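Enquirer: In this note's numbering, the protein residues as written are 2 to 217.
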Amino acid sequence: MVIGLSFAALLSGCAYGMNESKSLYERNGTTINVRDRNDLYNTQGVRNGTDSRLTNFGYVRHQGSPIPGNRTQYGTMPTLNRENVADLISKLCTQLPNVHDVGTLVTDEEVLIVYKTDSTNRFETADQVKKTAISVVPRYYHVYVSDNPRMFQEIERYGRLDSNSRNIDQIIDPTIKEMLKSPQGRKLNKGENENGEAIGEMNDRIDRDFRNRTAQ
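Below you can see the structure in the form of structure tokens.
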């Protein structure tokens, strides 16, 4: 009887281990070794045991269809919640030295940041604010910053617009040009200007022409 009970307990333990492993590394369609997935920048996340912080790394592996020309169809895709991203950028920027008040607008391709600062080096502060935003958003985004408090109202009024709003680019461009009067920090690299625009890109030419006119 003792031997029988021990064998039953061993089988139960193995079954538990298999079930636990399955819950951690499920295969769902073409997705392998994935925990419960969340939307991009989801604040709920996967918690590490009893730790209240979101400490888990994220790893996802996808396999394409073995049939040539047949692309895998996904029912849902992670989405960028622009308001959550704007909230995150504003919070991070307020942690920077000498930055006390931050307003952030995130569109489908731009980030506009207005902040109050008592820094004596406006250029360095602008560079820190800009790079903080770039570290958060997808790399194709362009980032514009301004330490002119008057611009808070300018970007706030765009908060209810969306990508489908009529003439949205023409509406926002004057605000961007006004923000360019403030320091924008350093060029990101040899191929990109201060705002993350590729050298020679349409927006880059507009910005360069604008700076040349204001410098005259």
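Note that the Cβ used here is the ideal one computed from N, Cα and C, for glycine as well. None of these values were measured; they are calculated from a predicted model.
Express the C-alpha separation of Q96 and A127 in angstroms, rounding to a whole number.
Expert: Counted from its first residue, the sequence shown places residue 127 at position 126. Counted from its first residue, the sequence shown places residue 96 at position 95. Each residue's alpha carbon lies about 14 Å from the other.
Enquirer: Have a look at K117, I177, T108 and Q129 and flag the residue whose alpha-carbon is nearest the alpha-carbon of N82.
Expert: As a position in the sequence shown, residue 82 is number 81, starting the count at 1. The residue with the shortest Cα to Cα distance from N82 is T108.
Enquirer: Three or more C-beta pairs under 8 Å: does that hold for the stretch 161-171 against the stretch 115-122?
Expert: Touching, no.
Enquirer: Who pairs with K117 in a beta bridge, going by DSSP?
Expert: Position 116 of the sequence shown, counted from the first residue, corresponds to residue 117. Bridge partners of K117: D102.
Enquirer: Can you tell me which of E111, Y141, N99 and R123 puts its alpha carbon nearest to the alpha carbon of Y159?
Expert: Taking the first residue of the sequence shown as 1, we reach residue 159 at position 158. When each option's Cα is compared against that of Y159, the closest is E111.
Enquirer: Taking C-alpha atoms, which residue in T105, N71, L162 and L113 lies nearest to T176?
Expert: What you label residue 176 is simply residue 175 of the sequence shown in a count that begins at 1. Closest by alpha carbon: L113.
Enquirer: What residue range does the alpha helix (DSSP H) around V146 cover?
Expert: In the sequence shown, the residue the question calls residue 146 occupies position 145. That residue, V146, is in no alpha helix (DSSP H); its beta strand (DSSP E) goes H143 to S147.
Enquirer: Output the distance between the C-alpha atoms of E179 and E195, rounded to the nearest integer angstrom.
Expert: Start at 1 with the first residue of the sequence shown, and residue 179 comes out as number 178. Start at 1 with the first residue of the sequence shown, and residue 195 comes out as number 194. The straight-line gap from Cα to Cα measures roughly 15 Å.
Enquirer: Leaving out the 5 sequence neighbours to the left and right, which residues in its chain are closer than 6 Å to S66 when beta-carbon positions are compared?
Expert: Here residue 66 is taken as the residue at index 65 of the sequence shown, counted from 1. Answer for S66: T73, listed in chain order.
Enquirer: Applying the criterion that 16 or more other CB atoms from any shown protein chain within 10 Å of the CB defines a buried residue, is P184 buried or exposed?
Expert: Looking up residue 184 in the sequence shown gives position 183. Classification for P184: buried.
Enquirer: Comparing C-alpha positions only, which one of M78, V137 and P98 sits nearest to D88?
Expert: Within the sequence shown, numbered from 1, the residue matching residue 88 stands at position 87. Taking only the C-alpha atoms, the option nearest D88 is V137.
Enquirer: Once you ignore the five residues that flank I135 on each side, which residues in its own chain have a CB closer than 7 Å to its CB?
Expert: Along the sequence shown, read from residue 1 onward, the residue named residue 135 stands at position 134. Closer than 7 Å at Cβ, skipping near neighbours: V144 and G197.
Enquirer: Report back the beta-carbon spacing between L106 and I156 to the nearest angstrom; my notes put them in contact at under 8 Å.
Expert: Mapped onto the sequence shown, residue 106 falls at position 105. Mapped onto the sequence shown, residue 156 falls at position 155. With a Cβ gap of about 4 Å, L106 and I156 count as contacting.
Enquirer: Which residues bound the alpha helix (DSSP H) around N196?
Expert: Residue mapping note: residue 196 aligns to position 195 of the sequence shown, counting from 1. Looking at the DSSP string, N196 is not in any alpha helix (DSSP H), and its letter there is neither H nor E.
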